[in-house]
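Chains as they are written, first to last, in my numbering: chain A, 699 to 915; chain B, 699 to 915. Taking it in order: structure first as structure tokens, then the write-up.
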DNA sequence: ACTTCCTTGTGAAATCCTTCACAAAGCTAA
DNA sequence: TTAGCTTTGTGAAGGATTTCACAAGGAAGT
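Shown next, in the form of structure tokens:
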């Protein structure tokens with residue numbers, strides 16, 4: 699929009715994972731703020747709510763451009779729009795879920811997902827009892843259809859929610875089918891090519907972190 | 699002058715969260731290795747499986763002492779024992795679950811929890827329909843009993859799996875009841891005293907991290 | 001014993017991330 | 001317009017974490 703010295707080559711600068719995490723948190727805060735009708739927010743406001751520092755907020759944002767007004771802060775509406783764009787949430791992402799167990803089911807019904815632009819377009823399982831069942835409007839598909847369906851439906855992100863001993867095999871097939879982003883709930887480190895983005899949600903690791911914290915007292 | 703006290707004073711050295719995370723991952727790898735009958739593992743072995751570097755593995759471990767044998771590597775059995783001790787998994791931890799919804803339920807039946815030394819001893823919910831129901835051997839308790847039960851049962855860790863607008867209030871009560879470790883599944887940043895350890899499991903943040911990664915191509 | 005090979009443990013260097021601190025910019029009021 | 005406040009954006013400093021690289025320890029064979 700402006701012709702400032704900013705040159706906004708988003709691709710060039712390396713953004714750390716922690717920065718991206720915080721951006722996601724700022725986004726959520728801003729959504730809350732939008733609800734309250736507050737129109738601007740300072741880096742100090744955001745920092746306090748996000749549990750970080752004002753300088754950190756400004757640094758995080760400054761990697762992408764200048765979005766604030768000095769003396770005023772950031773426009774909630776504008777920063778919301780900007781963050782959504784930065785995070786790639788300005789369009790919907792097609793998600794497939796592999797594993798229709800308890801965790802898969804919890805995830806499927808998790809409203810925040812759909813609301814944030816992630817739509818689960820396919821569910822796979824190996825269990826013949828589950829295959830064919832309807833989850834919402836989508837039928838649980840047989841595991842063997844995975845590769846073809848992932849391609850045909852142009853799935854962007856796959857959520858792996860299978861037992862840990864099956865996870866790597868699923869990951870291999872998913873990668874072979876051209877998917878480049880995986881959210882892994884299985885308690886294993888998946889080995890994938892560097893071009894594939896993986897995020898792990900590992901409850902046991904977090905619990906053990908708490909156990910460690912409690913023990914070091 | 700100064701009593702340059704380093705040596706093996708475990709409490710004194712500051713261990714980073716990322717180190718603790720990796721220790722937990724090494725522990726899991728070693729459990730797998732134990733199953734295969736492999737008796738020793740080098741830092742290189744562990745690093746490859748954990749998706750890190752050999753130097754990192756050695757640094758992580760060296761913060762706690764010297765557990766390896768030069769030329770040989772680490773004894774799987776011994777390192778297992780040591781890591782369990784370091785992480786505080788040499789005894790069981792009493793866990794309470796607040797929120798008997800989908801996520802709570804998935805967690806409750808998650809076998810890996812119990813297996814790793816975490817036993818869920820109490821479940822709370824506000825919904826009168828759920829209160830009184832039996833989950834495994836434990837009855838779902840009314841939310842209002844939370845403070846007293848947490849104290850009476852000497853709960854170490856509370857898992858918060860309630861909607862985000864209720865999470866902070868639950869956290870406040872839990873902290874007031876003397877609990878010092880919280881695993882939070884609600885998509886909010888809890889504000890707690892510094893003495894309380896909090897770990898967040900936030901699926902939306904992870905998904906948005908993937909969206910960002912996909913967008914930056 | 002000696003030699004060779006392997007792998008640890010660890011200072012030092014390099015890299016990455018956060019905090020500091022302040023000039024510059026925007027707003028309001030007179 | 002100028003003065004007084006406020007808050008951003010950002011180099012530079014400071015800290016933390018990771019990687020490097022190698023001396024020293026240990027095993028196994030001769």
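Just so you know, even glycine gets a beta-carbon here, dropped at the ideal spot from N, CA and C. Source: prediction; values computed, not measured.
Residues of chain A with a CB under 8 Å from the CB of residue i: which are they?
i                      : result
residue 885 of chain B : 726 and 810
residue 723 of chain B : 887 and 903
Would you call the CB atoms of residue i and residue j closer than 8 Å?
i                      : j                      : result
residue 856 of chain A : residue 827 of chain A : no
residue 736 of chain A : residue 796 of chain A : no
residue 713 of chain B : residue 761 of chain B : yes
residue 851 of chain A : residue 820 of chain A : yes
residue 888 of chain B : residue 896 of chain B : yes
residue 722 of chain A : residue 907 of chain B : yes
residue 875 of chain B : residue 845 of chain B : yes
residue 787 of chain B : residue 724 of chain B : no
residue 883 of chain B : residue 858 of chain B : yes
residue 800 of chain A : residue 803 of chain B : yes
residue 909 of chain B : residue 785 of chain A : yes
residue 838 of chain B : residue 829 of chain B : yes
residue 732 of chain B : residue 778 of chain B : yes
residue 771 of chain B : residue 739 of chain B : yes
residue 885 of chain A : residue 813 of chain B : no
residue 823 of chain A : residue 798 of chain A : yes
With which residues is residue i paired in a DSSP beta bridge?
i                      : result
residue 926 of chain B : This structure cannot speak to residue 926 of chain B, because chain B is shown only from 699 to 915.
residue 771 of chain A : A:767
residue 882 of chain B : B:858 and B:898
residue 738 of chain A : A:773
residue 806 of chain A : In DSSP, residue 806 of chain A forms no bridge with anything.
What are the boundary residues of the alpha helix (DSSP H) that includes residue i?
i                      : result
residue 873 of chain A : 862–874
residue 746 of chain B : 741–748
residue 855 of chain B : Run containing residue 855 of chain B: none in the alpha helix (DSSP H); it sits in the beta strand (DSSP E), 855–858.
residue 900 of chain B : First-last for residue 900 of chain B: undefined, no H or E at that position.
residue 798 of chain B : Run containing residue 798 of chain B: none; DSSP gives neither H nor E here.
residue 672 of chain A : Since the first residue of chain A shown is 699 and the last is 915, residue 672 of chain A is not available in this structure.
Mind pulling the chain B residues with CB within less than 9 Å of residue i?
i                      : result
residue 718 of chain A : 903, 906, 907, 910 and 911
What in chain B is Cβ-close to residue i, meaning under 8 Å?
i                      : result
residue 803 of chain A : 800 and 804
residue 814 of chain A : 902, 905 and 906
residue 639 of chain A : Residue 639 of chain A is absent from the structure shown; chain A starts at 699 and stops at 915.
residue 715 of chain A : 907
residue 734 of chain A : Per Cβ cutoff of 8 Å: no residues; residue 734 of chain A is ~13 Å from chain B at best.
Just to make sure I have the definition right: I need the residues of chain A whose C-beta is within less than 7 Å of the C-beta of residue i. Which are they?
i                      : result
residue 854 of chain B : 912
residue 791 of chain B : 909
residue 897 of chain B : 904, 907 and 908
residue 879 of chain B : 908, 911 and 912
residue 807 of chain B : 800
For the beta strand (DSSP E) containing residue i, name the first residue and the last one.
i                      : result
residue 752 of chain B : Careful: residue 752 of chain B lies outside any beta strand (DSSP E), inside the alpha helix (DSSP H) at 752–760.
residue 838 of chain B : 836–840
Exercise. In the segment 741–765 of chain A, which residues sit with their C-beta less than 8 Å from some C-beta in chain B, listed in chain order?
Worked result: Within the segment 741–765 of chain A, the qualifying residues are 747, 748 and 749.
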